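Colleague:
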């Protein structure tokens with residue numbers, strides 16, 4: 001899955017996915033939930049605190 | 050007409066009118082001063098910036114990506130906050146050096162434009178170097 005595909009899936013800009021990957025942005029709970037659901041995973045499996 | 054398409058049309062018409070107005074004044078025999086050329090340049094730069102921004106947003110919308118999201122909103126708020134804090138100092142310096150301005154309108158215009166440029170610059174900087182735990 002490309003960054004653009006994921007961005008489209010969760011309804012954000014591609015730049016937001018880039019910043020998430022780099023660990024420079026902490027997403028809202030809603031966005032974290034959407035991303036986790038896209039990959040069929042739990043939030044804590046996708047994001048590390 | 051979609052909002053983004055209509056703003057593209059608006060910006061294009063504004064840029065066209067600015068150029069046309071400048072040429073019309075110039076052809077009428079009025080030689081523009083340095084300040085006039087500066088104002089015209091600022092109008093053109095603002096027009097080009099607005100056009101490029103709207104083109105990017107329009108292209109993003111065309112491929113199904115939202116032009117704005119939670120991060121871009123956060124960047125806008127942060128840039129606005131920093132620009133506001135900076136503008137306090139900008140106005141302080143403008144009033145300290147008010148003797149250097151030819152009239153009050155130029156002084157106020159310069160202050161407003163400078164604040165706007167600081168806001169745009171900060172927005173651009175944060176869009177590239179955003180770090181939630183550092184900025």
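Residue numbers (the numbering used here), protein chains in the order written: chain A, 1 to 49; chain D, 50 to 184.
For each residue, glycine too, the CB sits at the ideal point set by N, CA and C.
Fair warning: this is a prediction, and the values are worked out from it, not measured in the lab.
Distance, Cα to Cα, residue 81 of chain D vs residue 140 of chain D?
Modeller: Between residue 81 of chain D and residue 140 of chain D, the C-alpha separation is close to 28 Å.
Colleague: Between the segment 8–19 of chain A and chain D, which residues of the former have CB atoms less than 8 Å from a CB of the latter, in chain order?
Modeller: Listed by position along the chain: 8, 11, 12, 13, 14, 15, 16 and 19.
Colleague: Closer than 7 Å between beta carbons: that is the criterion. Which residues of the segment 18–37 of chain A meet it against chain D?
Modeller: Listed by position, the residues of the segment 18–37 of chain A near chain D (Cβ gap below 7 Å) are 19, 24, 25, 26, 28 and 31.
Colleague: For residue 151 of chain D, would you say it is in contact with chain A, using Cβ-to-Cβ distances shorter than 8 Å as the test?
Modeller: No, no contact with chain A.
Colleague: Within its chain, find whatever has a CB closer than 6 Å to the CB of residue 2 of chain A; leave out the 5 residues flanking it on each side and keep chain order.
Modeller: Here the set comprises nothing.
Colleague: So with Cβ pairs under 8 Å, would you call residue 110 of chain D a contact of chain A?
Modeller: No, residue 110 of chain D does not count as interfacial toward chain A.
Colleague: Between D:175, D:108, D:90 and D:92, which has its C-alpha nearest residue 122 of chain D's C-alpha?
Modeller: Nearest option by C-alpha distance: D:175.
Colleague: Please state whether DSSP places residue 45 of chain A in a helix, a strand or coil.
Modeller: Correct three-state label for residue 45 of chain A: helix.
Colleague: By the criterion of Cβ-Cβ separation under 7 Å, what are the contact partners of residue 180 of chain D in chain A?
Modeller: Those within 7 Å of residue 180 of chain D in chain A are 24.
Colleague: Leaving aside the five residues before and after residue 168 of chain D along the sequence, list all residues of the same chain whose C-beta is less than 7 Å from its C-beta, in chain order.
Modeller: Cβ neighbours of residue 168 of chain D beyond the five flanking positions: 128, 129 and 132.
Colleague: Is residue 120 of chain D close to chain A, meaning its C-beta is less than 8 Å from at least one C-beta of that chain?
Modeller: Judged by the 8 Å Cβ criterion, residue 120 of chain D is in contact with chain A.
Colleague: Please state the DSSP three-state secondary structure of residue 80 of chain D.
Modeller: Correct three-state label for residue 80 of chain D: coil.
Colleague: What residue range does the alpha helix (DSSP H) around residue 125 of chain D cover?
Modeller: Where residue 125 of chain D is concerned, the enclosing alpha helix (DSSP H) stretches over 119–145.
Colleague: Is the beta carbon of residue 107 of chain D closer than 8 Å to that of residue 57 of chain D?
Modeller: Result yes, Cβ atoms of residue 57 of chain D and residue 107 of chain D sit closer than 8 Å.
Colleague: Do you know offhand how far residue 114 of chain D's Cα is from residue 10 of chain A's?
Modeller: If you take the alpha carbons of residue 114 of chain D and residue 10 of chain A, they lie about 10 Å apart.
Colleague: Can you tell me whether residue 101 of chain D is buried or exposed, with buried defined as 16 or more other CB within 10 angstroms of its CB?
Modeller: Classification for residue 101 of chain D: exposed.
Colleague: Go ahead and label residue 76 of chain D buried or exposed: buried means 16 or more other beta carbons lie within 10 angstroms of its beta carbon, across all protein chains shown.
Modeller: With fewer than 16 other Cβ atoms within 10 Å, it is exposed.
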